[in-house]
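Here the structure comes first, spelled out in structure tokens, and everything after it is commentary.
Protein chains: 2
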Amino acid sequence: MSIDVDFLVHPRWLIPVEPDRLVLTQHSIAVRDGGIVDILPQADARARYRAATDYELPDHALIPGLVNLHTHAPMSLMRGLADDLPLARWLREVIWPAEARHVSPSFVRDGTLLAAHEMLRGGITTCNDMYFFPGDEAEVLAEAGMRAVIGLIVLDFPSAWANDPDDYLRRGLAVRDKWHGHPRIAFSIAPHAPYSVSDAGLERAAYFAAELDLPLHIHIHETADEIATSLASHGVRPLARLERLGLLGPGLTAVHAVHTSEHDLALLAHHGCSVAHCPGSNMKLASGIAPLPAMLRHGINIGLGTDSAASNNRLDLFQEMRQCALLAKVGSLDATAAPAHTVLRMATLGGARALGLDGAIGSLEIGKRADFCAVAFDSPSASPCFDPISHLIYVCGREQVTHVWVDGEIRVQNGEVLLQTNDNELLALVSLWQTRLV
Amino acid sequence: MSIDVDFLVHPRWLIPVEPDRLVLTQHSIAVRDGGIVDILPQADARARYRAATDYELPDHALIPGLVNLHTHAPMSLMRGLADDLPLARWLREVIWPAEARHVSPSFVRDGTLLAAHEMLRGGITTCNDMYFFPGDEAEVLAEAGMRAVIGLIVLDFPSAWANDPDDYLRRGLAVRDKWHGHPRIAFSIAPHAPYSVSDAGLERAAYFAAELDLPLHIHIHETADEIATSLASHGVRPLARLERLGLLGPGLTAVHAVHTSEHDLALLAHHGCSVAHCPGSNMKLASGIAPLPAMLRHGINIGLGTDSAASNNRLDLFQEMRQCALLAKVGSLDATAAPAHTVLRMATLGGARALGLDGAIGSLEIGKRADFCAVAFDSPSASPCFDPISHLIYVCGREQVTHVWVDGEIRVQNGEVLLQTNDNELLALVSLWQTRLV
Numbered sequence: 000m001s002i003d004v005d006f007l008v009h010p011r012w013l014i015p016v017e018p019d020r021l022v023l024t025q026h027s028i029a030v031r032d033g034g035i036v037d038i039l040p041q042a043d044a045r046a047r048y049r050a051a052t053d054y055e056l057p058d059h060a061l062i063p064g065l066v067n068l069h070t071h072a073p074m075s076l077m078r079g080l081a082d083d084l085p086l087a088r089w090l091r092e093v094i095w096p097a098e099a100r101h102v103s104p105s106f107v108r109d110g111t112l113l114a115a116h117e118m119l120r121g122g123i124t125t126c127n128d129m130y131f132f133p134g135d136e137a138e139v140l141a142e143a144g145m146r147a148v149i150g151l152i153v154l155d156f157p158s159a160w161a162n163d164p165d166d167y168l169r170r171g172l173a174v175r176d177k178w179h180g181h182p183r184i185a186f187s188i189a190p191h192a193p194y195s196v197s198d199a200g201l202e203r204a205a206y207f208a209a210e211l212d213l214p215l216h217i218h219i220h221e222t223a224d225e226i227a228t229s230l231a232s233h234g235v236r237p238l239a240r241l242e243r244l245g246l247l248g249p250g251l252t253a254v255h256a257v258h259t260s261e262h263d264l265a266l267l268a269h270h271g272c273s274v275a276h277c278p279g280s281n282m283k284l285a286s287g288i289a290p291l292p293a294m295l296r297h298g299i300n301i302g303l304g305t306d307s308a309a310s311n312n313r314l315d316l317f318q319e320m321r322q323c324a325l326l327a328k329v330g331s332l333d334a335t336a337a338p339a340h341t342v343l344r345m346a347t348l349g350g351a352r353a354l355g356l357d358g359a360i361g362s363l364e365i366g367k368r369a370d371f372c373a374v375a376f377d378s379p380s381a382s383p384c385f386d387p388i389s390h391l392i393y394v395c396g397r398e399q400v401t402h403v404w405v406d407g408e409i410r411v412q413n414g415e416v417l418l419q420t421n422d423n424e425l426l427a428l429v430s431l432w433q434t435r436l437v
Numbered sequence: 000m001s002i003d004v005d006f007l008v009h010p011r012w013l014i015p016v017e018p019d020r021l022v023l024t025q026h027s028i029a030v031r032d033g034g035i036v037d038i039l040p041q042a043d044a045r046a047r048y049r050a051a052t053d054y055e056l057p058d059h060a061l062i063p064g065l066v067n068l069h070t071h072a073p074m075s076l077m078r079g080l081a082d083d084l085p086l087a088r089w090l091r092e093v094i095w096p097a098e099a100r101h102v103s104p105s106f107v108r109d110g111t112l113l114a115a116h117e118m119l120r121g122g123i124t125t126c127n128d129m130y131f132f133p134g135d136e137a138e139v140l141a142e143a144g145m146r147a148v149i150g151l152i153v154l155d156f157p158s159a160w161a162n163d164p165d166d167y168l169r170r171g172l173a174v175r176d177k178w179h180g181h182p183r184i185a186f187s188i189a190p191h192a193p194y195s196v197s198d199a200g201l202e203r204a205a206y207f208a209a210e211l212d213l214p215l216h217i218h219i220h221e222t223a224d225e226i227a228t229s230l231a232s233h234g235v236r237p238l239a240r241l242e243r244l245g246l247l248g249p250g251l252t253a254v255h256a257v258h259t260s261e262h263d264l265a266l267l268a269h270h271g272c273s274v275a276h277c278p279g280s281n282m283k284l285a286s287g288i289a290p291l292p293a294m295l296r297h298g299i300n301i302g303l304g305t306d307s308a309a310s311n312n313r314l315d316l317f318q319e320m321r322q323c324a325l326l327a328k329v330g331s332l333d334a335t336a337a338p339a340h341t342v343l344r345m346a347t348l349g350g351a352r353a354l355g356l357d358g359a360i361g362s363l364e365i366g367k368r369a370d371f372c373a374v375a376f377d378s379p380s381a382s383p384c385f386d387p388i389s390h391l392i393y394v395c396g397r398e399q400v401t402h403v404w405v406d407g408e409i410r411v412q413n414g415e416v417l418l419q420t421n422d423n424e425l426l427a428l429v430s431l432w433q434t435r436l437v
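Those protein sequence lines, which keep their order, are chains R and B. Residue numbers for the first sequence follow numbering that gives the first Met the number 0, beginning at 0 and rising by one. Residue numbers for the second sequence follow numbering that gives the first Met the number 0, beginning at 0 and rising by one.
Okay, structure coming up:
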């Protein structure tokens with residue numbers, strides 16, 4: 000009397016993230032129609048279910064797919080184009096001029112494909128993106144099989160994609176209308192930053208986000224200079240300005256939030272905003288150390304982001320998880336800050352909640368979608384293992400990810416990313432862009 | 000009229016580290032009797048030399064073997080035994096009790112083998128170690144084919160290895176005598192720390208280091224508490240105490256040096272001491288941020304260390320290189336601090352110089368020993384590459400290391416570590432210790 004399911008996964012450890020700190024050993028997960036239908040002891044699973052495929056993973060931990068809460072996928076083509084520079088010079092002298100010359104639908108497509116390959120390879124099943132040509136991004140991410148929330152960027156200045164805030168919104172919302180109802184591709188309104196969007200543009204962004212029930216995605220309080228400029232130009236700090244313009248709310252993801260006072264954090268907490276913490280990017284660009292322990296004390300929901308490969312230079316949430324824990328500890332001089340299970344939660348359920356997707360993904364629970372990945376603990380460099388959760392944060396690298404499923408579809412198998420474009424074709428595309436960019 | 004050599008390596012990029020910032024493309028390196036006999040354009044190399052083996056590495060960077068300037072290899076058996084704890088509790092509640100129960104020659108042998116596997120796999124060819132039972136370490140590291148400087152530990156309190164400072168020195172120096180003249184295994188005198196060795200023990204350590212021309216290896220200025228304790232007990236900061244006792248000099252490697260004032264740094268610079276910077280350990284234990292830019296300004300020689308896998312939890316110098324660059328930037332709020340080439344130099348020639356081995360290793364130069372490793376840049380996650388040196392620091396992970404040679408012997412080939420103990424045997428040994436430790 001077995002029940003048919005599409006597949007069963009039998010890992011050594013199953014870490015659902017919710018409830019917190021739980022580690023199930025010798026349990027299995029059953030998937031049908033892209034959803035998790037059961038989590039139960041392995042012996043019971045084998046007795047109760049008949050699967051088209053059984054994945055035996057005897058040295059692996061199964062965890063929810065990682066949620067990259069802030070990235071600019073197409074910028075992977077500019078990985079390492081300019082390092083060891085501060086944010087303002089990096090943007091003005093290298094990145095913006097390169098974008099002005101090269102950004103196009105094909106740049107966005109090829110860069111997004113490169114990023115999708117890297118993210119999937121490292122166990123990232125969902126990304127929260129912000130860039131130009133969102134329709135091209137959507138097509139590539141949909142075909143790659145990722146889950147994504149694609150930011151409809153809003154800027155005061157023109158680009159190859161649009162001319163002014165109204166034009167960005169008009170074009171962006173047309174893309175959103177076309178994709179409305181897709182099971183894995185959703186959209187947010189993404190005003191770039193307080194220093195690059197006027198009050199009018201920010202108000203329009205807030206209006207459409209409210210009207211269409213879309214999340215908001217914005218860089219905010221990244222550098223000390225940003226705060227000083229806002230005080231000089233607007234008389235208030237950027238977060239206070241966003242509040243005045245009606246942007247703060249549970250749908251807003253505040254990216255970076257490095258320079259945040261107790262008052263700023265109270266504001267974020269009061270409005271139920273989330274933070275996309277990007278420790279690697281904040282360190283590399285010398286932006287500063289976000290006050291993570293204070294954010295946690297305020298009860299602010301936090302997810303983790305890689306930022307782009309142009310500033311990071313890896314789209315690697317395993318690295319960001321470790322960095323998050325280590326930076327919080329040294330930044331607060333408290334070795335108990337940001338313990339492993341808290342950080343794993345940020346990189347999964349925290350990111351999902353920021354995107355309004357915590358009903359569907361972010362933890363391994365019956366009824367949620369089958370977004371998860373397996374991490375092999377069987378190499379000498381990953382041995383011994385005394386605590387699998389701690390191991391994921393402090394020992395593991397993304398190279399240990401062996402299998403990744405999104406919405407019940409296998410996207411990485413035995414470390415190989417299953418894209419329609421094979422690795423050699425992808426490398427050839429990247430090589431062409433490299434030649435053009437230099 | 001070809002000249003016979005043992006092997007030729009033909010990488011795409013050859014980064015000798017000395018001279019600084021140089022990247023040679025399409026060059027080859029010729030090795031005979033474990034030494035580098037030539038570095039020249041590939042076409043010339045193929046014409047001039049006849050090699051028993053040619054290694055074709057068309058997508059790889061060849062760099063000097065990494066020098067791990069501070070570790071405790073056998074502690075790899077305690078990888079992740081206790082995380083998210085401050086240094087004092089971590090040591091007193093977990094590590095020291097575990098060591099009191101378990102440290103023995105077989106613990107040291109198995110742990111050192113595990114560490115050697117991990118270090119070689121990640122391109123580390125030399126380690127500067129400090130632990131108990133140095134003779135057992137020496138045997139394992141010699142057989143694994145690594146180069147090592149093994150610290151003869153000195154402590155006030157007894158352990159399974161020795162009873163008091165004189166006993167530690169007597170036993171340690173007997174090991175050193177036995178190994179004297181070995182081509183890859185050397186020794187240092189390693190008083191553990193200012194808080195664990197009395198004045199008399201430190202003076203004896205300094206005496207033997209001077210008498211036998213051995214380097215000194217000591218943890219110093221790691222935490223704020225260490226400084227306060229020294230001021231209370233000795234009336235001076237630890238480095239001033241070491242100066243008074245005659246320990247400071249070009250042979251001394253000051254491990255951590257996190258809490259260092261301008262005066263402390265002037266002292267280190269004046270005596271020509273080196274610093275073993277361990278950014279990952281300093282972050283995880285919340286010790287603080289070492290003032291790297293100030294050290295560089297003082298002209299202090301700096302190498303990088305992983306510390307032990309019990310506190311890190313990886314013996315991974317690729318991760319430490321990246322961490323070093325990122326932490327220096329965010330710690331000084333200067334994105335130009337610790338640029339990539341400076342960090343690569345620390346992890347190679349800086350470490351070699353600290354150990355007095357810069358005449359033999361640390362850079363790819365004719366006449367030096369053949370210690371080097373190849374890093375593959377051919378995966379999508381490592382593409383594109385605009386600057387190979389920057390790529391090594393900000394993009395690469397140790398999993399990209401494919402080949403490692405030490406003293407002209409190949410120790411890693413196509414990612415496989417060539418030890419006499421195979422991976423499954425090693426994992427079985429580790430598993431036994433894991434059971435005992437919990």
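Each residue gets a CB set at the ideal place from its N, CA and C atoms; glycine is no exception.
Under 8 Å by Cβ, that's how I've got Ile392 of chain B and Ala339 of chain B pegged, so tell me the actual separation to the nearest angstrom.
-> Indeed they touch by this definition, with Cβ atoms about 4 Å apart.
CB-CB length for Leu428 of chain R against Asp109 of chain R, believed under 8 Å | Yes, Leu428 of chain R and Asp109 of chain R are in contact; Cβ-Cβ is about 5 Å, under 8 Å.
With DSSP run on the structure shown, which of helix, strand or coil describes Gly150 of chain B?
-> Three-state result, Gly150 of chain B: strand.
What number of angstroms, rounded off, separates the C-alpha of Phe317 of chain R from the C-alpha of Asp198 of chain B?
-> Straight-line Cα distance between these residues: approximately 44 Å.
With 7 Å as the limit, tell me which residues of the region 332-343 of chain R have their beta carbon closer than that to any beta carbon of chain B; keep them in chain order.
-> Taking 7 Å as the Cβ-Cβ cut-off against chain B, the residues of the region 332-343 of chain R that qualify are Leu332, Asp333, Ala334, Thr335, Pro338 and Ala339.
Got a sec, what are the start and stop residues for the beta strand (DSSP E) Pro10 of chain B sits in?
-> According to the DSSP assignment, Pro10 of chain B belongs to the beta strand (DSSP E) that extends over Ile2 to Leu13.
Measuring from the CB of Thr222 of chain R, is there a heavy atom of the ligand SAH at a distance below 7 Å?
-> As for the ligand SAH, it is missing from this structure, which has no ligand bound.
Given a limit of 9 Å on CB to CB distance, which residues of the region 77-92 of chain R reach chain B?
-> So the list reads Met77, Arg78, Gly79, Leu80, Ala81, Asp82, Asp83, Leu84, Pro85, Leu86, Arg88 and Trp89, given in the order they occur along the chain.
Chain-ordered residues of the region 192-219 of chain B with a beta carbon less than 7 Å from chain R = Taking 7 Å as the cut-off between beta carbons, none of the residues of the region 192-219 of chain B comes near chain R.
Once you ignore the five residues that flank Asn67 of chain B on each side, which residues in its own chain have a CB closer than 8 Å to its CB?
-> Only Met118, Ile123, Thr125, Cys126, Asn127, Leu303, Gly304, Thr305, Leu314, Leu316 and Gly350 meet the Cβ criterion.
Beta-carbon of Ser27 of chain B versus every beta-carbon of chain R: anything under 8 Å?
-> Not a single C-beta of chain R is nearer than 8 Å to the C-beta of Ser27 of chain B.
Residue span of the alpha helix (DSSP H) that contains Ala309 of chain B, given as start and end = For Ala309 of chain B, there is no enclosing alpha helix (DSSP H), as DSSP marks it with neither H nor E.
Determine whether the Cβ of Pro383 of chain B lies closer than 8 Å to any Cβ atom of chain R.
-> True, the Cβ-Cβ gap to chain R drops below 8 Å.
Whole angstroms is fine: what's the gap from Gly298 of chain B's alpha carbon to Leu348 of chain B's?
-> Each residue's alpha carbon lies about 14 Å from the other.
Could you confirm whether any beta carbon from chain B is found closer than 8 Å to the beta carbon of Ile288 of chain R?
-> Judged by the 8 Å Cβ criterion, Ile288 of chain R is in contact with chain B.
With 16 other Cβ atoms within 10 Å as the buried cut-off, status of Pro237 of chain R = Result: buried.
Near Leu241 of chain B, what residues of its chain come up, given a Cβ to Cβ distance below 6 Å and the 5 sequence neighbours on each side ignored?
-> Excluding positions up to five away in sequence, the list reads Leu247.
Excluding sequence positions up to five away, which residues of its chain have a Cβ less than 8 Å from the Cβ of Ile388 of chain R?
-> Ile14, Arg20, Val22, Ala339, His340 and Leu343.
Could you tell me whether the region 62-79 of chain B touches the region 372-380 of chain B, where touching means 3 or more Cβ pairs closer than 8 Å?
-> The count of Cβ pairs closer than 8 Å, one atom from the region 62-79 of chain B and one from the region 372-380 of chain B, reaches three, so the stretches are in contact.
Meets three-Cβ-pair contact criterion under 8 Å: the region 271-280 of chain B and the region 248-256 of chain B | Using a C-beta cut-off of 8 Å, the region 271-280 of chain B makes contact with the region 248-256 of chain B, since at least three inter-stretch Cβ pairs fall below that distance.
What did DSSP end up calling Pro73 of chain B once you bin it into helix, strand or coil?
-> Note: Pro73 of chain B maps to helix in three-state DSSP.
Along chain R, which residues have their Cβ under 8 Å away from the Cβ of Pro393 of chain B?
-> Sequence inspection shows Tyr at residue 393 of chain B; the Pro mentioned does not correspond to that position. Neighbours of Tyr393 of chain B on chain R, chain order: Gly79, Asp82, Lys283, Asn311, Asn312 and Arg313.
Cutoff 8 Å: Leu113 of chain R Cβ touching any chain B Cβ | By this cut-off, Leu113 of chain R is an interface position.
Beta bridge counterpart(s) of Glu415 of chain R as assigned by DSSP | Paired residue(s): R:Gln412.
Under three-state DSSP, which class holds Phe131 of chain R?
-> Phe131 of chain R: coil per DSSP, three-state reduction.
Would you decide whether Trp12 of chain R is buried or exposed? Buried here means 16 or more other CB atoms lie within 10 Å of its CB.
-> Classification for Trp12 of chain R: buried.
Which residues, in order along the region 95-121 of chain R, keep a beta-carbon less than 7 Å from a beta-carbon of chain A?
-> As a matter of chain content, chain A is missing from the structure shown, whose protein chains are R and B.
What is the rounded straight-line gap between the Cα of Ala115 of chain B and the Cα of Ala359 of chain B?
-> Ala115 of chain B and Ala359 of chain B have their C-alpha atoms roughly 21 Å apart.
8 Å Cβ cutoff, Glu424 of chain R in contact with chain B = Output row for Glu424 of chain R: interface = no.
DSSP state of Cys513 of chain B mapped onto helix, strand, coil | No answer is possible for residue 513 of chain B: the residues shown for chain B start at 0 and end at 437.
Under 8 Å, do Ala143 of chain R and Leu426 of chain R count as touching if we go by C-beta distance?
-> Leu426 of chain R sits away from Ala143 of chain R, with the two beta carbons spaced by 8 Å or more.
Flag this pair as yes or no: are the beta carbons of His26 of chain R and Leu7 of chain R separated by less than 8 Å?
-> Cβ atoms of His26 of chain R and Leu7 of chain R: not closer than 8 Å.
How many Å lie between Thr52 of chain B and Pro379 of chain B at the Cα?
-> Approximately 29 Å between the Cα atoms of the pair.
Less than 8 Å between the CB atoms is what I'm expecting for Met129 of chain B and His216 of chain B, so what's the real figure, rounded?
-> Beta-carbon to beta-carbon, Met129 of chain B and His216 of chain B are separated by about 6 Å, close enough to satisfy the 8 Å threshold.
Rounded to a whole number of angstroms, what is the C-alpha to C-alpha distance between Ser310 of chain B and Gly279 of chain R?
-> Ser310 of chain B and Gly279 of chain R: Cα-Cα distance of roughly 21 Å.
By DSSP, does Leu215 of chain R sit in helix, in strand, or in coil?
-> The DSSP-derived three-state label of Leu215 of chain R is strand.
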